[in-house]
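Notes follow once the structure below has been shown.
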Amino acid sequence: MKLFPFAHATHPQWPMAAGLVLAQLRAQMALPEYAASPTLALLYITDHYAPHAHDILDHLGAELPEITDWSGTVGIGISSSNIEYFDEPALAVMLCAVPPHQYRVFSGVAPLGTGEGMGFEPHTALVHADASTPDVGELIAEMAARTTTGYLFGGLAASRSSAVQFAIGGNGNIKGQGHAGGVFRGGLSGVAFAESVRLVSRVTQGCQPLGRERVVTGAEGNVLLTLDDEPALDVLLDEARISLERPQAAMSTLRATLVGLTSPGADVIGRTGTFGADVEVRHIIGLDPGRRGVAVASKVETGMRMAFCNRNAQAARADLMRICAEIREELEPQEMPLTAAAALAAPEAQSAPNPQRRIAGAVYVSCAGRGGPHFGGPSAELQIVRRALGDVPLVGFFAGGEIARHHLYGYTGVLTVFGG
0 MKLFPFAHAT HPQWPMAAGL VLAQLRAQMA LPEYAASPTL ALLYITDHYA
50 PHAHDILDHL GAELPEITDW SGTVGIGISS SNIEYFDEPA LAVMLCAVPP
100 HQYRVFSGVA PLGTGEGMGF EPHTALVHAD ASTPDVGELI AEMAARTTTG
150 YLFGGLAASR SSAVQFAIGG NGNIKGQGHA GGVFRGGLSG VAFAESVRLV
200 SRVTQGCQPL GRERVVTGAE GNVLLTLDDE PALDVLLDEA RISLERPQAA
250 MSTLRATLVG LTSPGADVIG RTGTFGADVE VRHIIGLDPG RRGVAVASKV
300 ETGMRMAFCN RNAQAARADL MRICAEIREE LEPQEMPLTA AAALAAPEAQ
350 SAPNPQRRIA GAVYVSCAGR GGPHFGGPSA ELQIVRRALG DVPLVGFFAG
400 GEIARHHLYG YTGVLTVFGG
């Protein structure tokens, strides 16, 4: 598999940004190491461009007629290799050289598993979702059940205006697409991939446990009542070092404290002292002094495991480097030619995307609360990815919630690469 052409640009006027992106894509497609005839495009825009979503998609589609399938969404920020665009008009595109019979674009008008896709067996899927959709968590779990692995990756659109999604399958020719223009609001959309498409995906957590792992021994609705048979509020006050005698300081600390939850029997804290991949972080939304309980933004049940936590940039940085190392170890060959090894060992300024890495392209979905500001500077998060994973074709967005497996996460990053 050759490298996926990719491009990104910012400009106050979207036609100028689109022109810059198209120029980059065409230049790469003329290079021997890049795919020359891809048919699937991933398109991400910042919410500054959301009002122009239809025009952007129509323009790019007309300029790239060989691309028959489009998928993507909007974010508060978007990303590409080594760069983040926050609070500015920008777009990013990656052209994926995946054989057409090995993927299907789906949306509300062309659901997965209907129409001409009946003979296609989805192995995993990239999913974009609208957070305002009722029961979106249940829809994500239902979508995961439609794949043979149960593994999804993606995120919730994040926008201060319209939460648009892009989805065109077969240039509008798949049954069910009808006259839909390819720009949607609400529900789910994305791309399902067959087993033959090699994907490696990891979740990186962004929070650090405050205390030890505990078992929920008493709960009602979304209220934690007892943890290891101790009143949940007492545990919270002790581990977060909150004194109710200093209300202002207590509220400040409480706003910064979160809850990591996982299902019964699953580990919350791994051997390294950080959260495992199955942990879902949720906000504390209130206290129940009468019952000594803690209300969280999720339904809780007895038997679940949990730990109070807070966001931690150092832990997030270390965990991001860890998942990049795991991906490289899984994909890169044990041995490679001397010339390839020398190229991959070159200084950052000389290093360029290289097929020897066995990574054709990557999609990175990170929480809108992460990004450079959380990691210490502009584009710092993506620079960590580049240093750890190498300079590979990459696009993504900063989401209102991250999707991995059948879970909906918060404060995490989901990195998925296409193996070459």
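Each residue of the sequence shown is one higher than the one before, counting from 0 in numbering that gives the first Met the number 0. Here a beta-carbon is modelled for each residue, glycine too, at the ideal position from N, C-alpha and C. Since the model is a prediction, treat every value here as computed from it, not as a measurement.
- A distance below 8 Å separates the beta carbons of Arg213 and Arg304.
- Sixteen is the threshold: since fewer than 16 other Cβ atoms of the shown chains lie within 10 Å of the Cβ of Pro14, the residue is exposed.
- Secondary structure of Ser378 (DSSP, three-state): coil.
- Close CB contacts of Thr146 within its chain, under the 8 Å cut and outside five residues either way in sequence, are with Pro121, His122, Thr123, Ala124, Ala191 (chain order).
- Excluding residues up to 5 positions away in sequence, Pro4, Ala35 lie with their Cβ nearer than 6 Å to the Cβ of Met28 in the same chain.
- In this model, Leu90 and Gly292 are separated by some 45 Å (Cα to Cα).
- Short of 6 Å from the beta carbon of Ala387, and not among the five residues preceding or following it, lie these beta carbons of its own chain, in chain order: Met320, Cys323.
- Classified as buried, Ala294 has 16 or more neighbouring CB atoms from the shown chains inside 10 Å of its CB.
- In the three-state reduction of the DSSP assignment, Thr252 falls in the helix class, which pools H, G and I.
- The Cβ neighbour count for Leu243, taken over all protein chains shown within 10 Å, is under 16; the residue is labelled exposed.
- Residue range 52–62 is occupied by the alpha helix (DSSP H) that includes Gly60.
- By alpha-carbon distance to Thr148, the top candidate from Ala193, Val163, Ala166, Ala157 is Ala193.
- Around the beta carbon of Met250, a 10 Å sphere encloses fewer than 16 other beta carbons of the protein chains shown; the residue is thus reported as exposed.
- Annotated three-state conformation of Tyr410 is coil, per DSSP.
- Counting along the chain, no alpha helix (DSSP H) covers Leu155; the unbroken beta strand (DSSP E) around it starts and ends at 150–155.
- If you draw a straight line from the Cα of Thr72 to the Cα of Glu229, it comes to about 44 Å.
- In the structure shown, Gly302 adopts coil according to DSSP, grouped into three states.
- Residue environment: Leu30 is assigned as exposed (fewer than 16 neighbouring CB atoms within 10 Å of its CB, all protein chains considered).
- A distance below 7 Å between beta-carbons, with the five flanking residues on each side excluded, links Ala8 to the following residues of its chain, in chain order: Ala16, Leu19, Val20, Ala89, Leu90.
- When DSSP states are grouped into helix, strand and coil, Val234 belongs to the helix group.
- Val267 carries a coil assignment under DSSP once its states are collapsed to helix, strand and coil.
- Annotation for Met93: no alpha helix (DSSP H) segment contains it, though the beta strand (DSSP E) segment containing it runs 89–95.
- In this structure His127 is not in contact with Gly168, their Cβ atoms being roughly 14 Å apart against a cut-off of 8 Å.
- Ranked by Cα distance from Arg281, the first of Ala231, Gly220, Leu407 is Leu407.
- With a cut-off of 8 Å on Cβ pairs, the region 181–189 is not in contact with the region 230–239, counting fewer than three such pairs.
- Spatial neighbours of Ile383 in its own chain (CB-CB distance under 7 Å, excluding positions within 5 residues in sequence) are listed in chain order as Arg316, Leu319, Met320, Phe374.
- DSSP lists Val215, Glu229 as the bridge partner or partners of Leu226.
- Beta-carbon to beta-carbon, Gly302 and Pro246 are separated by about 34 Å, too far to satisfy the 8 Å threshold.
- DSSP, read as helix, strand or coil, puts His405 in coil.
- A Cβ-Cβ separation of about 19 Å leaves Gly107 out of contact with Ala398 under the 8 Å criterion.
- The three-state reading of DSSP puts Ala193 in coil, since its state is none of H, G, I, E or B.
- When DSSP states are grouped into helix, strand and coil, Asp86 belongs to the coil group.
- Taking the Cα of Glu65 as reference, the smallest distance to any Cα among Pro37, Leu223, Gln101, Leu56 is reached at Pro37.
- Setting aside the 5 residues that flank it on each side, Arg357 is surrounded in the same chain by Leu330, Glu331, Pro332, Gly418, Gly419, each with a C-beta closer than 7 Å to its C-beta; the list follows chain order.
- CA-to-CA, the gap between Val413 and Ser365 works out to about 6 Å.
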